[in-house]
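Data first, discussion second: the structure below is written as structure tokens.
Number of protein chains: 2
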Amino acid sequence: MSEIATLFAALADPTRLRLLYLVKDGEICVCFLQGVLQTNQPKISRHLAYLKRAGLVAARKEGKWMHYCLKRQPADSQKLLQQAFDSLARAPQIRSDVQRLKNIRCCPSRYGISDPLRPGTGKCKAA
Amino acid sequence: MSEIATLFAALADPTRLRLLYLVKDGEICVCFLQGVLQTNQPKISRHLAYLKRAGLVAARKEGKWMHYCLKRQPADSQKLLQQAFDSLARAPQIRSDVQRLKNIRCCPSRYGISDPLRPGTGKCKAA
DNA sequence: CATTTATATACGCCTTGACGTATATGTATG
DNA sequence: CATACATATACGTCAAGGCGTATATAAATG
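Same order as they appear, the protein sequences are chains A and B.
Take 434 as the starting number for the first sequence in my numbering and just add one per residue.
Take 434 as the starting number for the second sequence in my numbering and just add one per residue.
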């Protein structure tokens with residue numbers, strides 16, 4: 434009951450919705466997420482921490498990098514999430530996020546936030 | 434996008450989830466809702482006001498009474514809500530709410546919050 | 001081993017919203 | 001018309017959480 438409410442609370446923020454959508458199909462490292470969302474890094478990390486606390490994402494460390502991915506949920510939550518993703522898929526912001534993710538090839542720090550679309554050198558393991 | 438987040442925010446509270454579930458199939462007056470949730474009246478009214486602001490419920494005045502019901506939503510939100518209701522249907526609290534709603538017959542003030550299950554006199558128009 | 005890189009956390013500030021209690025508002029009723 | 005009733009709103013308080021900025025931590029790298 435209040436677990437359901439807690440799930441909805443986790444979904445009640447645009448930044449978290451964007452992050453969840455990006456990691457829903459597999460691991461993405463924080464630097465990629467930063468490049469896609471085009472915002473400051475602590476903001477990303479804080480929302481990822483929130484999602485992790487809420488049990489929605491799993492984190493895996495690999496060297497310097499942290500990789501996040503959607504955690505498998507109980508059936509009910511899974512269905513709710515899927516429905517949410519279906520809705521989000523049509524949102525312009527989400528569409529451009531997905532597009533940017535395709536273009537990013539390496540860590541944003543290599544080229545700064547000013548031009549997050551520039552393809553990188555492929556050094557980032559998450560590529 | 435942030436509209437979706439706003440919807441989730443409205444669903445991120447147990448009391449609002451209970452209220453939404455109760456009014457999802459038709460008009461219910463505030464006194465009934467108070468009897469079912471067994472809490473103080475301002476709390477109910479405040480959450481109903483929130484839901485109304487969020488466009489999730491409609492209100493109709495009839496004499497002294499206010500009747501609330503779920504408002505028809507755009508397709509996406511409708512699906513999300515349906516999924517949410519499916520999940521809620523299995524929650525114990527929701528189950529007992531539904532049970533109490535069946536038993537309540539008139540306005541709680543007639544018998545006080547101490548025994549909200551006692552059938553009323555049928556004077557309440559919402560019966 | 002000093003420095004850069006990737007990420008997380010601490011801090012201070014501010015807004016939102018939840019709560020209980022008290023009060024206002026409108027409507028019926030005797 | 002005074003009173004009871006149904007509902008809403010105001011008030012004060014409190015906790016959660018959002019933000020940007022600064023700093024800590026840990027791993028790689030030269």
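Virtual Cβ for every residue (Gly too), placed ideally from N, Cα, C.
In this text, all values refer to a predicted model and were calculated from it rather than measured experimentally.
Would you mind sorting residue i into buried or exposed? The rule is 16 or more other CB atoms within 10 Å of its CB.
{"i": "Arg505 (chain A)", "result": "exposed"}
{"i": "Gly496 (chain B)", "result": "exposed"}
{"i": "Arg493 (chain A)", "result": "exposed"}
{"i": "Arg523 (chain A)", "result": "exposed"}
{"i": "Ser547 (chain A)", "result": "Model confidence at Ser547 (chain A) stands at a pLDDT of 29, short of 50, so the residue's coordinates are unreliable; what they give is reported in the following sentence. Exposed, because fewer than 16 other Cβ atoms sit within 10 Å of the Cβ of Ser547 (chain A)."}
{"i": "Asp458 (chain B)", "result": "exposed"}
{"i": "Asp530 (chain B)", "result": "buried"}
{"i": "Arg449 (chain B)", "result": "buried"}
{"i": "Arg409 (chain A)", "result": "Residue 409 (chain A) lies beyond the range of chain A shown here (434 to 560); nothing can be said about it."}
{"i": "Arg451 (chain B)", "result": "buried"}
Can you look up residue i in the DSSP assignment and give me helix, strand or coil?
{"i": "Leu534 (chain A)", "result": "helix"}
{"i": "Leu503 (chain B)", "result": "strand"}
{"i": "Lys494 (chain B)", "result": "strand"}
{"i": "Gln511 (chain A)", "result": "helix"}
{"i": "Pro525 (chain B)", "result": "helix"}
{"i": "Cys539 (chain A)", "result": "In this prediction, Cys539 (chain A) has a pLDDT of 43, which is less than 50 and means its spatial position is unreliable; what the coordinates show is noted afterwards. Coil, per DSSP."}
Going by alpha carbons, who is nearest to residue i out of the options?
{"i": "Ser478 (chain B)", "options": "B:Leu466, B:Gly488, B:Ala487, B:Leu489", "result": "B:Leu466"}
{"i": "Leu489 (chain A)", "options": "A:Pro475, A:Ser510, A:Gln474", "result": "A:Ser510"}
{"i": "Leu440 (chain A)", "options": "A:Leu484, A:Gly459, A:Leu452, A:Pro475", "result": "A:Leu484"}
{"i": "Trp498 (chain A)", "options": "A:Arg449, A:Cys462, A:Thr448, A:Glu436", "result": "A:Cys462"}
{"i": "Ala482 (chain A)", "options": "A:Gln471, A:Val469, A:Leu503", "result": "A:Leu503"}
{"i": "Ala491 (chain B)", "options": "B:Ser435, B:Lys535, B:Val456", "result": "B:Val456"}
{"i": "Lys535 (chain A)", "options": "A:Gly468, A:Leu521, A:Ser435, A:Met434", "result": "A:Gly468"}
{"i": "Ala487 (chain A)", "options": "A:Pro525, A:Asp519, A:Thr472, A:Leu453", "result": "A:Leu453"}
{"i": "Ser435 (chain A)", "options": "B:Met434, B:Pro525, B:Ile537, B:Glu460", "result": "B:Pro525"}
{"i": "Ser537 (chain B)", "options": "B:Ala438, B:Gln471, B:Ile437", "result": "Note that residue 537 (chain B) corresponds to Ile in the displayed sequence, not to Ser. Considering only alpha carbons, the answer is B:Gln471."}
{"i": "Ala508 (chain A)", "options": "B:Tyr501, B:Asp519, B:His500, B:Ala508", "result": "B:Asp519"}
{"i": "His500 (chain B)", "options": "B:Lys476, B:Glu460, B:Gln474", "result": "B:Glu460"}
{"i": "Ile437 (chain B)", "options": "A:Gln532, A:Arg533, A:Leu521", "result": "A:Leu521"}
I want to verify the contact list: residues of chain A whose CB lies under 8 Å from the CB of residue i, in sequence order.
{"i": "Leu513 (chain B)", "result": "Leu513, Gln516, Ala517, Ser520"}
{"i": "Ala492 (chain B)", "result": "Within chain A, no residue comes near Ala492 (chain B); the closest Cβ sits about 23 Å away, beyond 8 Å."}
What does residue i touch in chain A if you count any residue whose Cβ is under 7 Å from its own?
{"i": "Phe441 (chain B)", "result": "Phe441, Leu444, Ala445"}
{"i": "Ser529 (chain B)", "result": "Chain A residues near Ser529 (chain B): none, gap ~11 Å exceeds 7 Å."}
What residues of chain B sit near residue i, judged by a beta carbon separation below 9 Å?
{"i": "Met434 (chain A)", "result": "Pro447, Leu450, Arg451, Leu521, Ala524, Pro525, Gln526, Ile527"}
{"i": "Ala487 (chain A)", "result": "Per Cβ cutoff of 9 Å: no residues; Ala487 (chain A) is ~11 Å from chain B at best."}
Please compile the residues from chain B whose C-beta is within a distance smaller than 7 Å of the C-beta of residue i.
{"i": "Ile477 (chain A)", "result": "Neighbours of Ile477 (chain A) on chain B: none; closest Cβ ~17 Å, over 7 Å."}
{"i": "Asp509 (chain A)", "result": "Ser520"}
{"i": "Ile537 (chain A)", "result": "Those within 7 Å of Ile537 (chain A) in chain B number zero; the least Cβ separation is about 20 Å."}
{"i": "Ala482 (chain A)", "result": "Chain B residues near Ala482 (chain A): none, gap ~18 Å exceeds 7 Å."}
In chain B, which residues lie with their C-beta within 8 Å of the C-beta of residue i?
{"i": "Ile461 (chain A)", "result": "Here the premise fails: no neighbours, minimum Cβ distance about 19 Å."}
Three CB pairs or more closer than 8 Å across the stretch 511-520 of chain B and the stretch 444-464 of chain B: yes
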